[in-house]
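A.B. asks:
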Amino acid sequence: MSKLIPDYVPPQPSAEFSAMVKERRESAATYLISYAQKLSHRGLTERLKVHGVTVAQWAVLVVLWEIDGLTQKELSERVAVETPTLSRTIDRMERDGLVKRDRNVRDRRQVHVNLTEHGAALWRELVPEAEANLAQALDGFSEQDEAQLCALLKRVIGNMTDNQGDQS
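If you count the sequence shown from 1, you need to add 19 to reach this note's numbering.
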């Protein structure tokens with residue numbers, strides 16, 4: 020495995036040295052994973068923007084389409100976002116008529132997030148956008164290539180969560 024940065028860094032890096040560092044960085048797996056995610060996020064952002072939805076809102080919608088009526092805490096765990104951040108996202112979604120908050124009648128501290136009719140119906144428009152974004156990312160990949168990519172990324176995720184605790 021090659022090192023990202025050489026052992027010795029000259030005080031005034033030459034153009035050759037800078038090019039070598041750039042080449043190593045751009046061939047490093049972590050850089051490539053990060054860059055691919057950035058491009059995918061950018062593509063999904065553009066596709067969802069047409070529908071007035073952000074990527075953060077998309078993540079909430081995907082979870083609620085599967086299990087509507089989760090508490091904010093449960094939703095926060097499933098979306099892997101801190102509760103205060105999620106609360107702001109839900110505020111905007113409520114303002115836009117995508118979700119509504121309902122207090123638990125038995126425990127007023129619990130707030131459940133429910134899809135509105137509009138939020139529930141959006142899957143017909145948004146899922147094809149997400150699928151198109153994924154299709155663009157995997158253009159030219161065989162099913163075997165896609166399966167191998169997923170398996171390798173799962174190994175990376177496993178390595179990172181095993182060694183650092185789940186940081187998601």
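The C-beta atom is built at its ideal place from N, Cα and C for all residues, glycine as well.
Every value quoted in this text rests on a predicted model; they were computed, and no experiment measured them.
1) Give me the Cα-Cα distance between TYR170 and MET179, rounded to the nearest whole angstrom.
2) Do three or more CB pairs link the segment 96-108 to the segment 68-85 at distances below 8 Å?
3) Nearest to ILE109 by CA position, among SER59, VAL82, LYS173 and GLU148, is which residue?
4) On the three-state DSSP scale, how would you describe VAL118?
5) For LEU134, list the residues DSSP reports as bridge partners.
6) Going by the CB atoms, is the gap between HIS131 and ASP115 shorter than 8 Å?
7) Around the Cβ of VAL175, are there at least 16 other Cβ atoms within 10 angstroms (buried) or fewer (exposed)?
8) Look at SER106 and GLN91 and say whether their C-beta atoms are less than 8 Å apart.
9) Let's test the definition: count the other Cβ atoms within 10 Å of the Cβ of GLY138 and tell me whether it reaches 16, buried, or not, exposed.
10) Using a Cβ-Cβ cut-off of 7 Å (strictly less than) and excluding sequence neighbours within five positions of GLN155, which residues of its own chain qualify?
11) Quick one: what does DSSP say LEU67 is sitting in, helix, strand or coil?
12) Using the three-state DSSP reduction, which class does LEU89 fall into: helix, strand or coil?
13) Please go through the same chain and pick out, in chain order, the residues whose beta-carbon is closer than 8 Å to the beta-carbon of ILE52, but skip the five residues on each side of it.
14) Starting from GLU150, follow the alpha helix (DSSP H) in both directions and report where the run begins and ends.
15) Measure the Cβ-Cβ separation of LEU89 and GLU148 and say whether it is below 8 Å.
16) Checking 8 Å against the spacing of the C-beta atoms, do LEU145 and VAL72 come in under that value?
C.D. replies: Well, looking at it:
1) Strictly speaking, residue 170 in this sequence is Ala, with Tyr absent from that position. Rounded to whole angstroms, the separation of the alpha carbons of MET179 and ALA170 is 14 Å.
2) Yes, the segment 96-108 is in contact with the segment 68-85.
3) Restricting attention to SER59, VAL82, LYS173 and GLU148, the CA atom closest to the CA of ILE109 is found in VAL82.
4) VAL118 falls in the strand class under three-state DSSP.
5) Note: LEU134 sits in a beta bridge opposite VAL118.
6) The Cβ atoms of ASP115 and HIS131 lie no closer than 8 Å to each other.
7) With fewer than 16 Cβ atoms within 10 Å of its Cβ, VAL175 is classed as exposed.
8) For the 8 Å CB-CB criterion, SER106 and GLN91 form a contact.
9) When all chains shown are included, GLY138 counts as buried.
10) GLY62.
11) Helix at LEU67.
12) Note: LEU89 maps to strand in three-state DSSP.
13) Within the same chain, ILE52 has close Cβ partners LEU172 and VAL175.
14) In the DSSP assignment, GLU150 falls within the alpha helix (DSSP H) that extends over 142-156.
15) No, Cβ-Cβ distance for LEU89 and GLU148 is not below 8 Å.
16) Yes; because the gap between Cβ atoms is below 8 Å, this pair is in contact.
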